Amino acid sequence: MRHGKYPFIIGFLAVPVALYATFVVAAYIQTFQLSVASWSGFGPIKYVGFDNFVKLWNDDLFWKSLRHNGYLLLLLPIVTIALGLLFAFLLNVGGGSKGGMTRGVWGSKVYRVIFFFPQLMALAIVAVIFGRVFASDKSGMINGLLPDSWAPWLFLADERWALTCILVVLVWQAVGFYVVLFSAGMGSIEHEIYEAAALDGATRVTLFFRITLPLLWGTIQTAWVYLGIAAFDAFALINIMTVDRGGPDGATSVLAMMIYRNTFEYSQVGYASALGVVLFFLTLTFAALTLRVTRRDAV
Amino acid sequence: MSDITNSELDRRTLLRRAAAVGLAATPAVGMLSACVGGGDEDTTEQATGTKSADNPLGIDPKAPIEIVIFDGGLGTKYATDVDTPIYNKKWPESKVAYSATQEISTTVQPRLNAGDAPDMINNSGAKMMDFGAIVAAGQAQDLTELYAAASFDIPGKTVAETLVPGTAEWGSYNGKPYALNYSYTVFGMWYNATLFEKNGWTPPATWADFITLCDKIQAAGIVPFGYAGANAAYYMVRALLTSAGKIGTEQVLKDIDNLKPGAWTNPAVLEAAKAWAEVGKKYLDKSFLGLKHTEVQLQQNQDKVAFYPCGSWLENEQAKDTPPTFKYAVAPYPSVTASDKLPATAMNAAAGEIYFASSKGKNPRGGMEYLRVMLSKEAATEFTRLTKSLTVVLGAADGVELSPGLSSANEALNKAGKDVFMGYLFDTWYKKLGDESLSAVNDLMFKGGDAQKFCDRMEAASQALAKDSSVQKQTRS
Numbered sequence: 180m181r182h183g184k185y186p187f188i189i190g191f192l193a194v195p196v197a198l199y200a201t202f203v204v205a206a207y208i209q210t211f212q213l214s215v216a217s218w219s220g221f222g223p224i225k226y227v228g229f230d231n232f233v234k235l236w237n238d239d240l241f242w243k244s245l246r247h248n249g250y251l252l253l254l255l256p257i258v259t260i261a262l263g264l265l266f267a268f269l270l271n272v273g274g275g276s277k278g279g280m281t282r283g284v285w286g287s288k289v290y291r292v293i294f295f296f297p298q299l300m301a302l303a304i305v306a307v308i309f310g311r312v313f314a315s316d317k318s319g320m321i322n323g324l325l326p327d328s329w330a331p332w333l334f335l336a337d338e339r340w341a342l343t344c345i346l347v348v349l350v351w352q353a354v355g356f357y358v359v360l361f362s363a364g365m366g367s368i369e370h371e372i373y374e375a376a377a378l379d380g381a382t383r384v385t386l387f388f389r390i391t392l393p394l395l396w397g398t399i400q401t402a403w404v405y406l407g408i409a410a411f412d413a414f415a416l417i418n419i420m421t422v423d424r425g426g427p428d429g430a431t432s433v434l435a436m437m438i439y440r441n442t443f444e445y446s447q448v449g450y451a452s453a454l455g456v457v458l459f460f461l462t463l464t465f466a467a468l469t470l471r472v473t474r475r476d477a478v
Numbered sequence: 023m024s025d026i027t028n029s030e031l032d033r034r035t036l037l038r039r040a041a042a043v044g045l046a047a048t049p050a051v052g053m054l055s056a057c058v059g060g061g062d063e064d065t066t067e068q069a070t071g072t073k074s075a076d077n078p079l080g081i082d083p084k085a086p087i088e089i090v091i092f093d094g095g096l097g098t099k100y101a102t103d104v105d106t107p108i109y110n111k112k113w114p115e116s117k118v119a120y121s122a123t124q125e126i127s128t129t130v131q132p133r134l135n136a137g138d139a140p141d142m143i144n145n146s147g148a149k150m151m152d153f154g155a156i157v158a159a160g161q162a163q164d165l166t167e168l169y170a171a172a173s174f175d176i177p178g179k180t181v182a183e184t185l186v187p188g189t190a191e192w193g194s195y196n197g198k199p200y201a202l203n204y205s206y207t208v209f210g211m212w213y214n215a216t217l218f219e220k221n222g223w224t225p226p227a228t229w230a231d232f233i234t235l236c237d238k239i240q241a242a243g244i245v246p247f248g249y250a251g252a253n254a255a256y257y258m259v260r261a262l263l264t265s266a267g268k269i270g271t272e273q274v275l276k277d278i279d280n281l282k283p284g285a286w287t288n289p290a291v292l293e294a295a296k297a298w299a300e301v302g303k304k305y306l307d308k309s310f311l312g313l314k315h316t317e318v319q320l321q322q323n324q325d326k327v328a329f330y331p332c333g334s335w336l337e338n339e340q341a342k343d344t345p346p347t348f349k350y351a352v353a354p355y356p357s358v359t360a361s362d363k364l365p366a367t368a369m370n371a372a373a374g375e376i377y378f379a380s381s382k383g384k385n386p387r388g389g390m391e392y393l394r395v396m397l398s399k400e401a402a403t404e405f406t407r408l409t410k411s412l413t414v415v416l417g418a419a420d421g422v423e424l425s426p427g428l429s430s431a432n433e434a435l436n437k438a439g440k441d442v443f444m445g446y447l448f449d450t451w452y453k454k455l456g457d458e459s460l461s462a463v464n465d466l467m468f469k470g471g472d473a474q475k476f477c478d479r480m481e482a483a484s485q486a487l488a489k490d491s492s493v494q495k496q497t498r499s
């Protein structure tokens, strides 16, 4: 079976790797090149050394954006994974065991489809819809449901809550995928283990913490890295949903938003590339750290 | 366990490895690659012909041209149904390739960098390109020749002589005209004339009148003044700076444009900010910060908002949502103090909507010729008819039956007489500073209204920009 494995793999990988090299690796190399330059996006490129990074260090908005990315990085994976695990557990094991088979809560097949819906929608559409849900006047879905005598909640127009609104949408969109991912993981856990535990008198909570969670650790770890990287992005939602794109007054600004504005609106491509380089290293560090910290011996 | 775990490269490991490389996401960075490569000095062969009285710009009658129009509030009909036919009537052998887009920078900027520039470009909309950067990179054609050429259909006059004075200067960068600002926009407070008539309200001339009227309007259950904070704060910046201009003349705004130290902390700006902050505090609906311009404009159409600061494109933009009883009218911003240097009737009206010929395209002369066609009286008249906006071509609106809003704007302009001023350019020249003004004005109007803080914040941003050597500076006088 092992014979001829490499030509086979190479045959499959050649095209994706070529595309990847052109559109990702080459782009990154250019980003590094431009990050030490002053370039408006038109005309000749002038090299200025580390000026862009010095400017970055002194830019309040940069630190603010970094904090916002940090906030998303902390909460998005935790909330999404917790919800994803809970739902996946309920869908697969939560109904208890009957006739020797563990099963999900009643109607779990329908829920499974519903949970996955948000994943099918384009992010731009999700952003527009939630823009209406969170609208700051009575025309908004949530404000429309509140009693007329209440002052409308400002949601995205309130700098204290704007970023949380974005977080809610990110979680809503992501959770379905992780329910499916965790369901698949749970499906590969042997039924005998659950059965044996149930015979020993384990409750559902014990089943979850003593069996499901440890056996799913690898999948959770992967989910964590993915969600973390998503938390470094969040560009589309913020661009479409927020006040003044990143506002009010920078309250929802993130690195990706800054990169976009500096490139396409302020003609500061060099500065934007420096931001891109920072983002690159942050993402890399995060992924490496996550994999290291969460490493466990195989069960 | 299952045989998945026996494979050398199981799914989880693969995912983990892919993630570990860290390149799986961060798409924003990848986009940058689209722009790299602008450093090449391209020498495209450019079409020219012989200059004559009939062909003052010396175009090659057979060379095709390519135009790109912004598909926004003005529509595209004026280009496809008016300008191009007039152009082709004169130059039947020059084929006009036309396209329209809402995303000018996304479509056109990479082409400028790649040396494949369209010949005439309408640089407009939320995704307009930074025109200062285009000029600095030598991508825009110097329009001096165009303004000096004979008018397309007004005999005996040069193009410049047929335009509102100041048009060429308005599109000038360091003394040379590069942009044609084609439409002529009147700014002020827009209201529903029918509603005001019914309630016996008259547009105020002094700030005290304005406050009294706002109280009355509020008592009637209508929001007296509103603008959309989410994406239209620049209307409010214009209102505030127009007031500042009326207090201390246009010089205040010129200083702002020239990044002069102390320009934003000028007493005129502070006075205007204080006056507007009071309006924000007392009369503005706080939920408007989260709304988009169309939502507030719709509320005005439903008579839920009385005054809305905007330009004269408003009537056309709202055409399909305006009920028949709603008649747009515009009032100048009231005098802030008794000692304002300009009278209460003074108006801010500016040439806007940039059209330019690209200097590095295949046919820059053809691009200029297309602009000359647009500046013909015939084309300008049709433009006004189709888009309900005025143009910089003098007298082109004569004989056109104007809509209520536009005739109100015309009337206000006549009342203002010589006290019409073009305003400011800092937000076009330095987009970052413009964006800062949006955040600052939202803060002023929606969050407590500290006028001194507004001035200090803008002053700091302006001075930081003045010291930033990576930004090409512009000046005006």
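Chains as they are written, first to last, in our numbering: chain R, 180 to 478; chain V, 23 to 499. Just so it is clear, CB atoms sit at the ideal spot from N, CA and C, and this is done for glycine as well. Quick caveat, the model's predicted, so the values are computed rather than measured.
Beta strand (DSSP E) segment containing residue i, residue limits
i, result
"tryptophan 212 of chain V", "202 to 214"
"tyrosine 446 of chain V", "Neither: tyrosine 446 of chain V is in no beta strand (DSSP E) and is coded neither H nor E."
"alanine 353 of chain V", "350 to 353"
"valine 157 of chain V", "Run containing valine 157 of chain V: none in the beta strand (DSSP E); it sits in the alpha helix (DSSP H), 153 to 158."
"methionine 420 of chain R", "Segment 414 to 420 is the alpha helix (DSSP H) holding methionine 420 of chain R; no beta strand (DSSP E) there."
"asparagine 145 of chain V", "142 to 145"
Cβ neighbours of residue i in the same chain (closer than 6 Å, five flanking residues each side left out)
i, result
"proline 226 of chain V", "Phe232, Leu235, Pro356"
"serine 499 of chain V", "none"
"leucine 325 of chain R", "none"
"leucine 320 of chain V", "Asp343"
"cysteine 332 of chain V", "Trp212, Tyr257"
"tryptophan 451 of chain V", "Gly154, Gln496"
"alanine 419 of chain V", "Thr406, Leu412"
"glycine 263 of chain R", "Val354, Tyr357, Val358, Phe361"
Own chain partners of residue i with C-beta closer than 7 Å, once the 5 adjacent residues on each side are dropped
i, result
"threonine 259 of chain R", "Val350, Ala353, Val354, Tyr357, Leu406"
"proline 427 of chain R", "Ala336, Glu338, Ala341"
"asparagine 110 of chain V", "Val118"
"threonine 48 of chain V", "Confidence at threonine 48 of chain V is low in this model, with a pLDDT of 41, below 50, so its placement is unreliable and the value that follows should be read with caution. Cβ within range, chain order: n/a, list empty."
"isoleucine 399 of chain R", "Ile260"
Terminal residues of the alpha helix (DSSP H) in which residue i lies
i, result
"proline 132 of chain V", "126 to 135"
"proline 297 of chain R", "287 to 299"
"isoleucine 224 of chain R", "It is not in any alpha helix (DSSP H) - isoleucine 224 of chain R carries neither H nor E in the DSSP assignment."
"phenylalanine 443 of chain R", "Per DSSP, phenylalanine 443 of chain R belongs to no alpha helix (DSSP H) and is neither H nor E."
Contact check, residue i vs residue j, beta carbons under 8 Å
i, j, result
"leucine 134 of chain V", "phenylalanine 221 of chain R", "yes"
"alanine 415 of chain R", "alanine 336 of chain R", "no"
"lysine 268 of chain V", "alanine 368 of chain V", "yes"
"valine 186 of chain V", "alanine 373 of chain V", "yes"
"phenylalanine 153 of chain V", "threonine 123 of chain V", "no"
"methionine 467 of chain V", "glycine 197 of chain V", "no"
"phenylalanine 476 of chain V", "alanine 462 of chain V", "yes"
"tyrosine 100 of chain V", "glutamate 404 of chain V", "yes"
"glycine 383 of chain V", "aspartate 141 of chain V", "yes"
"glycine 270 of chain V", "alanine 242 of chain V", "no"
"proline 354 of chain V", "glycine 210 of chain V", "yes"
"serine 452 of chain R", "threonine 201 of chain R", "no"
"isoleucine 521 of chain R", "threonine 442 of chain R", "Since the first and last residues shown for chain R are 180 and 478, residue 521 of chain R lies out of range."
"alanine 454 of chain V", "tyrosine 445 of chain R", "The sequence shown places lysine at residue 454 of chain V, not alanine. Contact flag set, yes."
"isoleucine 143 of chain V", "serine 492 of chain V", "no"
Close beta carbons around residue i, own chain, < 8 Å, minus the five adjacent residues each side
i, result
"alanine 297 of chain V", "Trp229, Ser265, Val358"
Nearest-angstrom beta carbon gap, residue j and residue i [assumed within contact, 8 Å]
i, j, result
"phenylalanine 174 of chain V", "arginine 394 of chain V", "5 Å"
"phenylalanine 411 of chain R", "asparagine 248 of chain R", "6 Å"
"alanine 467 of chain R", "leucine 251 of chain R", "No, alanine 467 of chain R and leucine 251 of chain R are not in contact; Cβ-Cβ is about 19 Å, not under 8 Å."
"glycine 193 of chain V", "alanine 201 of chain V", "3 Å"
"leucine 79 of chain V", "alanine 171 of chain V", "6 Å"
"leucine 213 of chain R", "glycine 449 of chain R", "6 Å"
Within-8 Å CB hit, residue i to chain A
i, result
"glutamine 131 of chain V", "The structure shown contains no chain A; the protein chains it does contain are R and V."
Can you confirm whether the region 284 to 293 of chain R touches the region 431 to 445 of chain R when touching is taken to mean that 3 or more C-beta pairs between the two stretches lie within less than 8 Å? With the rule of 3 Cβ pairs closer than 8 Å, the region 431 to 445 of chain R does not count as touching the region 284 to 293 of chain R.
For the region 310 to 324 of chain V and the region 310 to 330 of chain R, state whether three or more C-beta atom pairs, one from each stretch, are separated by less than 8 Å. yes
So does the region 389 to 396 of chain R actually touch the region 360 to 369 of chain R, counting three or more Cβ pairs closer than 8 Å? Between the region 389 to 396 of chain R and the region 360 to 369 of chain R there are three or more inter-stretch CB-CB distances shorter than 8 Å, so the stretches are counted as touching.
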